[in-house]
Amino acid sequence: MLIDLIAGARPNFIKVASIIEAIERAQNEGLPVKYRLIHTGQHYDGNMSGSFFEELNIPAPYYNLQVGGGSQAEQTARIMVAYERILLDEPCDVCLVVGDVNSTMACAIAAKKIPGIKLAHVEAGIRSGDMTMPEEINRIVTDSITDYFFTTSETASENLRKTGVDKSSIFFVGNTMIDTLLKNDSRLKKPQLWEGLKLENGQYIVLTLHRPNNVDDPAKLTQLLDTVATSAQGMKVIFPVHPRTAKIIEEHQLIASGIYTITPLSYLEFNYLVKYAKGVVTDSGGITEEATVMGVPCMTLRDSTERPETCTIGTNELLGTDPQNIPPAFARLFAGSWKKGGIPDKWDGKSADRIVSTLLAIYTDGKAIV
Ligand code: UD1
């Protein structure tokens, strides 16, 4: 069985790292599985892509489609054209896509239209209900053509069943991003800025913002940054700035006083920073999962989440995007009354093994057991 693993943007690299390791473990046991890693090139900077390959020991991609940035349609179209070309020459048996980025949807469509190729989606079934997010559209389109659905929660499985997906194609396996985090916990690296900024455990806040809703309007972004800075009451706020946000800050010469803006950190450095933070303020989805597993209080500046278990079980809380909700949340954090949180079911480091053994079972005897 030849599996194409699709990775295009930063969160994808973290998820495929554990799947590659699981495939290699299966190969070492003599099981009949091979893979090709296809990097679409959606993210291309050293600190958005290269450093993840180095730190997580991800092998060089079999192909790099080098599509780069562009509008939603341009990027999606370029990925589809380039990946289809590969598949027409050298088809795979299974195209495995992860997450909800443009690369996920583009490769899913290209593969599904080629007879004989099955489509597997890792992180299937999650829904925010917010159709203004490109990721929500990517999730719905991808799941509408997927053959094998691998889910991170029972809620995600239930979402799929509600849309009529047969339960025999839904496999609740847990979270591959958490596989990678648990595996690398002891390798997390103190970031270089730690000494320079005189950081201390539990004495700083980590901030990340990159959603178009929060960052594309410079007035809104300024208001969010100012409110976080004042709510932090003098505690240092470290803000690794995503390229999308960096462009807006630069173009409009925004100054966020009281906030330390830095370039994006590598995986091991970023998660070290989160692990020892007093709290995290973010609009990312993946970071809410990582903060949950590390037991770090997490404030999400969004109105909805496709990962409700990070709130119902984990340390995450949805504050919405109105800046006035931020100060009371910080007050609770400083008062020590933030909920402790637990770990969602099957977020145990074995999710990628479950995915690979399920696919092997399907291919060797037509049945799968999780
Ligand atoms: C993408 C994903 C989002 C994910 C995020 C993680 C979609 C629709 N969105 O958003 O779900 O949470 O990645 O980071 O797929 N850029 C660089 N260097 C890079 C990468 C991007 O300069 O290495 C620039 C691009 O050229 C573009 C902007 O940053 O101008 C945004 O990149 P893009 O991949 O389009 O979307 P993200 O906002 O990163």
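Residue 353 is where the sequence shown ends in the working numbering, and the numbering goes up by one at each step. By construction, the Cβ of each residue, glycine as well, lies at the ideal position given by its N, Cα and C atoms.
CA-to-CA distance, F36 to I92, given in whole angstroms = 26 angstroms
Quick one: is the Cβ of D28 within less than 6 angstroms of any heavy atom of the ligand UD1?
-> yes
Out of Y27, D130 and K261, point me to the one whose CA is closest to D76's CA.
-> D130
What residue range is occupied by the uninterrupted alpha helix (DSSP H) comprising C90?
-> Residues N85 to K95.
Please look up how many angstroms separate the CB atoms of L190 and F222, rounded, as I've assumed it's under 8 angstroms.
-> 4 angstroms
Would you kindly report the start and end of the unbroken beta strand (DSSP E) that includes I242?
-> Counting along the chain, the beta strand (DSSP E) containing I242 begins and ends at I242 to I245.
Is Q427 near the ligand UD1, in the sense that its beta carbon is under 6 angstroms from a heavy atom of that ligand?
-> Because the chain is modelled from -16 through 353, residue 427 falls outside the range shown and cannot be assessed.
Compute the distance between the beta-carbons of V220 and I245, then report whether it is under 7 angstroms.
-> no
Which residues in the same chain as L171 place their Cβ atom closer than 7 angstroms to its Cβ, once the five residues preceding and following it in sequence are excluded?
-> These residues qualify, in order along the chain: L251, N254, Y255 and K258.
Environment of I352 [buried if 16+ CB atoms lie within 10 Å] = Here I352 scores only 48 on pLDDT, less than 50, and its place in the model should not be relied on; the value that follows carries that caveat. Counting Cβ neighbours within 10 Å, I352 comes out exposed, since fewer than 16 surround it.
Note down, in chain order, each residue of its chain lying with its Cβ closer than 6 angstroms to the Cβ of D336, except the 5 sequence neighbours on either side.
-> A5
How would you label R68, buried or exposed, when you count the other beta carbons within 10 angstroms and need 16 or more for buried?
-> exposed
Does any heavy atom of the ligand UD1 sit closer than 6 angstroms to the C-beta of P226?
-> yes
Taking DSSP as the reference, what is the three-state secondary structure of R285?
-> coil
Mind the definition here: the segment 173 to 186 touches the segment 279 to 288 only if three or more C-beta pairs lie below 8 angstroms; say whether that holds.
-> no
So is I97 buried or exposed if we call it buried at 16+ other beta carbons inside 10 Å?
-> Around the C-beta of I97, fewer than 16 other C-beta atoms lie within 10 Å, and the residue is accordingly described as exposed.
Which listed residue (P15, W321, L39 and G24) has its alpha carbon closest to that of L164 = L39
Just checking, does the segment 126 to 140 make contact with the segment 102 to 114 on the three C-beta pairs under 8 angstroms criterion?
-> The segment 126 to 140 vs the segment 102 to 114: in contact.
Short check: CB of R315 to CB of D266, under 7 angstroms?
-> No, they are not a contact pair.
Closer than 6 angstroms: E118 CB and nearest the ligand UD1 heavy atom = yes
Please determine, among V124, S240 and P310, the residue with the shortest C-alpha to C-alpha distance to D83.
-> V124
To which residues of the same chain is A121 closer than 8 angstroms at the C-beta, ignoring the five residues directly before and after it?
-> What sits at residue 121 in the sequence shown is Asn, not Ala. Excluding residues within five positions, the ones whose Cβ falls inside 8 angstroms are D83, V84, N85, T87 and M88.
M160 vs I(-3) beta-carbon contact at 7 angstroms | For M160 and I(-3), yes; Cβs fall inside 7 angstroms.
Closest to M(-16) by CA distance: which of V264, L102, G297 and G325 is it?
-> L102
Go to A239, then tell me how far its alpha helix (DSSP H) extends in each direction, as first and last residue.
-> Looking at the DSSP string, A239 is not in any alpha helix (DSSP H), and its letter there is neither H nor E.
C78 - containing beta strand (DSSP E), residue span | V77 to V81
Which whole runs of the beta strand (DSSP E) in the segment 164 to 233 are 3 residues long or more, in chain order?
-> 187 to 191 and 219 to 223
Could you check the C-alpha separation between Q(-9) and I270 for me, to the nearest Å?
-> Reading off the sequence, residue -9 comes out as Gly, not Gln. Cα to Cα, G(-9) sits roughly 18 angstroms from I270.
Start-end ranges of the beta strand (DSSP E) lying completely within the segment 255 to 341, minimum 3 residues = 262 to 265, 281 to 283 and 299 to 301
Along the alpha helix (DSSP H) that carries K(-2), what are the first and last residues, could you check?
-> Element bounds for K(-2): R(-7) to N11.
Proximity below 7 angstroms, CB of S334 to CB of V156 = yes
Do Q186 and P117 come within 7 angstroms of each other at the CB atom, strictly closer than that value?
-> Inclusion of P117 and Q186 in the CB contact set at 7 angstroms is not warranted, their separation being larger than that value.
Pull up the CB-CB distance for G53 and G24, whole angstroms please, since I reckon it's below 8 angstroms.
-> Between G53 and G24 a beta carbon distance of about 11 angstroms is seen, past the 8 angstroms cut, so the two are scored as non-contacting.
Inter-residue spacing [alpha-carbon to alpha-carbon] between K3 and Y18 | Note that residue 3 corresponds to Ile in the displayed sequence, not to Lys. Their backbone Cα atoms lie some 8 angstroms apart in a straight line.
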